[in-house]
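Step one of this worksheet: look at the structure below.
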Amino acid sequence: MPRMTATDTVRAELARAAGRPGGLAVLTGAGMSAESGIPTFRDAMSGLWSRFDPAQLASEEGFRANPARVWQWYAERRQGVLDAQPNAGHRALADFQQRHPGVMTLITQNVDDLHQRAGQPEVVRLHGDILAVQWLDEGACRKRPRCDPAEAAPGRPPRCVHCGNLARPGVVWFGEMLSVGALERAQRLADECDTMLVVGTSGAVWPAAGLVGRARRGGAQVVIVNPEESEIDAQAHLVLRGTAARVLPGLLAGV
Ligand SMILES: NC(=O)c1ccc[n+]([C@@H]2O[C@H](COP(=O)([O-])OP(=O)(O)OC[C@H]3O[C@@H](n4cnc5c(N)ncnc54)[C@H](O)[C@@H]3O)[C@@H](O)[C@H]2O)c1
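For the sequence shown, this note's numbering begins at 1104 and goes up steadily by one.
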């Protein structure tokens, strides 16, 4: 009899998880969108931006210290998201969801909207939305920011014309709390799934990384897809070394 490959084992696991609503939880990170041309955090800090540490660009403190610099960095990343298209990995996940409604729940650390554009109906977004804006000082003014990225002059975050409050990107910065609703929902999904598929995350950012341990403690099979080692490899039952766009279509096709 031919030996089962790691991929066969995961496919059998996915077929089992597909038998139950909420059976499959998928956790994605920046690597999921790398083949769509959106740099991972590490890559986004390269080139022009390599002399800044992430806390200077992705923190409230850094924004208050230099709003123009931080706004410009996000404006570039936002344009990158608008120019990008979902890759074969995003599409494979969305197709699986459409074949098995209610089975799969998708939790992402990504601030892009590529899962949604691939057709994923519902996504738990732990770290916000880079295309959204919110006021820096909540409650300072009742007007909502209506910031069209096209209107934002390079290097100048829009200000409220009434109170001078600055608009900031609608993402979770270092040192900020995640939305309690999104985190609790993700934790419940991790606790209750039969299989957790973890794609393109370094496992270095908390509390998102803690979802993997929760799934494992809850009895789920944990499968990682990543071309490189990650900090959570030891928690996985199986690690598939490859990229999202290469591995996911074959893994999910026909399951
Ligand atoms: N696309 C986005 O929305 C985006 C991009 C950059 C950073 N971020 C934010 O930065 C934080 C960083 O944490 P993180 O763990 O998500 O990312 P990370 O940058 O820390 O790690 C990326 C991981 O993806 C892997 N990877 C690289 N290319 C891949 C590919 N083609 N397929 C599969 N895996 C691949 C890398 O080996 C690495 O382990 C997140 O909180 C996220 O909010 C988001």
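Ideal Cβ placement from N, Cα and C applies to all residues, glycine included.
Remember, it's a predicted structure, so these values are computed and weren't measured experimentally.
query	result
Buried or exposed (CB count within 10 angstroms, at least 16 for buried), residue 1185	exposed
Counted within 10 angstroms of its Cβ, other Cβ atoms place residue 1139 as buried (16 or more) or exposed	buried
Residues near residue 1302 by beta carbon distance below 6 Å, same chain, minus five either side	1131, 1135, 1328 and 1347
Closer than 7 Å: residue 1362 CB and nearest ligand 1 heavy atom	The structure shown does not extend to residue 1362, since the chain spans only 1104 to 1358, so no value can be given for it.
CB contact flag (residue 1286, residue 1229, <8 Å)	yes
Residue 1175 burial status per 10 Å Cβ neighbour count (16 or more: buried)	buried
The stretch 1187 to 1195 in contact with the stretch 1217 to 1235 per 3-pair CB rule at 8 Å	yes
Any 3 or more C-beta pairs closer than 8 Å across the stretch 1265 to 1284 and the stretch 1153 to 1168	yes
Residues that residue 1210 bridges to, as DSSP identifies them	1130 and 1227
CA-to-CA distance, residue 1294 to residue 1337, given in whole angstroms	19 Å
Residue closest to residue 1234, alpha-carbon to alpha-carbon, out of 1168, 1214 and 1263	1214
Whole-angstrom distance between residue 1168 and residue 1112, CA atom to CA atom	51 Å
Exposure of residue 1333, with buried meaning 16 or more beta-carbon neighbours within 10 Å	buried
Rounded C-alpha distance that separates residue 1199 from residue 1326	16 Å
Cβ-based burial, residue 1225 [other Cβ within 10 Å; buried from 16]	exposed
Nearest-angstrom beta carbon gap, residue 1237 and residue 1273 [assumed within contact, 8 Å]	5 Å
Where residue 1370 sits in the DSSP three-state scheme	The structure shown does not extend to residue 1370, since the chain spans only 1104 to 1358, so no value can be given for it.
Validate contact between the stretch 1255 to 1272 and the stretch 1309 to 1320 using beta carbons, cut 8 Å, 3 pairs	no
Distance between residue 1282 and residue 1288 (C-alpha atoms, nearest Å)	10 Å
For residue 1284, the first and last residue of its enclosing alpha helix (DSSP H)	1283 to 1295
Buried or exposed by the 16-neighbour rule on C-beta atoms within 10 Å, applied to residue 1107	exposed
Nearest-angstrom Cα separation, counted from residue 1308 out to residue 1341	21 Å
Cα-Cα separation between residue 1231 and residue 1212, rounded to whole angstroms	8 Å
Terminal residues of the beta strand (DSSP E) in which residue 1270 lies	1270 to 1274
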